[in-house]
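Engineer: Residue numbers for the sequence shown follow this note's numbering, beginning at 180 and rising by one.
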Amino acid sequence: MMRNQLKPKLAQGKTVIGCVVTLGSPTVAEVLASVGLDFLWFDMEHGPLGLESIQAMLAATNGRGVSPIVRVPWNDPVIIKRVLDIGPEGVLIPLVNTQAEAERAVKACKYPPAGIRGVGLGRAHGYGLDFANYLATADKELMVILQIEHIEAVNNVEKILTVPGIDLLFVGPYDLSGSMGRLGQTDHPEVQEAIGRVVRACQKAKMPLGTFAGTVEAARRAIQRGFQFVSFGVDTAHLATAMRTQLAQIRAS
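(1) Taking just the CA atoms, how far does G357 sit from R423?
(2) Is DSSP giving I295 helix, strand or coil here?
(3) My output table needs one value for A392: the three-state DSSP class, helix, strand or coil.
(4) Buried or exposed: which applies to P187, given that a residue is buried once 16 or more other Cβ atoms fall within 10 Å of its Cβ?
(5) I want to know whether the segment 343 to 354 touches the segment 323 to 334 - three or more CB-CB distances under 8 Å.
(6) In the DSSP assignment, what are the bridge partners of I327?
(7) Give me the residue from Q184, Q425 and V336 with the minimum Cα distance to D195.
(8) Among V200, I330, I339 and G297, which has the Cα closest to the Cα of E369?
(9) Determine the closest residue to C198 out of I259, T206, V298 and A212, with distance taken between C-alpha atoms.
(10) Closer than 8 Å is the cut-off here; do at least three beta carbon pairs connect the segment 200 to 220 with the segment 243 to 253?
(11) If we count the other Cβ atoms within 10 Å of its Cβ and call it buried at 16 or more, is E396 buried or exposed?
(12) Since G389 and Q403 should fall inside the 8 Å C-beta cutoff, what is the C-beta to C-beta distance between them, to a whole number of angstroms?
(13) When we look at the beta-carbon of V298 and count the other beta-carbons within 10 Å, is it buried (16 or more) or exposed?
(14) May I have the straight-line CA-CA distance separating G393 from V413, to the nearest angstrom?
(15) How should T206 be labelled, buried or exposed, when 16 other C-beta atoms within 10 angstroms of its C-beta is the threshold for buried?
(16) When the Cα atoms are used, what is the spatial distance from L300 to Y306?
(17) Going by beta-carbon coordinates alone, are V200 and M223 separated by less than 8 Å?
(18) Might you give, ordered along the chain, the residues of its own chain that have their beta carbon closer than 7 Å to the beta carbon of P252, omitting 5 neighbours on each side?
(19) Thinking just about the alpha-carbon of each residue, which of L271, T341 and E328 is nearest to the one in M359?
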């Protein structure tokens, strides 16, 4: 039976912290699932991950108290359907800029009559052993996360928030800055004002909000600003930073 671990935490106003996973290694995923994170976000948009590698990582992290989320490469019902069938607790859908695109994303995640998701047999359904229970609970339990990462989406955020079935909006600060002619300048006042509009709209709509934070300080600022869902760094960057920092310490001693 499908049970989402993040939704109750967010409903209680708690902050959840996770990490982006781009390495297609079940061992890496298992290690990250063992350190106390609330979620892992397997990235098909910018990472070289396919369905088979993600399914292996989902199996490796099962039962470790961490919620698996998959960022799909595009707002495509066929892609979303195949990802959901391997059994994540939610999907993150990039570059949703309009109310119509938000409706398309939600419908791809829901079975009829609420949506257009096709019915199949996969890991999510216990390979058929949990088929009926999964069909009965999936629409309620799966998290539908839409990414706000373009100024067009910011300008449409109030309309996007009227779409039923969205569980969380996620601000992508880097692509947002690029869409505003400020590529990489995520702290620029214009970019921060755009993010502030999303924050205010979500607070008014009582919609949980997430974002990416590459540093401890950025994560702290995001939490103080009201972001409940904080994606702290990327697996490869954590590996590289830890090794470089400790290597420098050894050589300096």
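Quick reminder that beta carbons are idealized off the backbone N, C-alpha and C, glycines included.
Structural biologist: Judging by the given coordinates:
(1) If I take the Cα positions, the gap works out to 29 Å.
(2) Coil, per DSSP.
(3) strand
(4) exposed
(5) yes
(6) V350
(7) The displayed chain sequence assigns Val, not Asp, to residue 195. The residue with the shortest Cα to Cα distance from V195 is Q184.
(8) Of all alpha-carbon atoms in V200, I330, I339 and G297, the one lying nearest the alpha-carbon of E369 is that of I330.
(9) Taking C198 as reference, the option from I259, T206, V298 and A212 with the minimal CA-CA separation is A212.
(10) The segment 200 to 220 is in contact with the segment 243 to 253.
(11) exposed
(12) No, G389 and Q403 are not in contact; Cβ-Cβ is about 15 Å, not under 8 Å.
(13) exposed
(14) 8 Å
(15) exposed
(16) Straight-line Cα distance between these residues: approximately 6 Å.
(17) no
(18) The answer, listed in chain order, is M223, E224 and I258.
(19) E328
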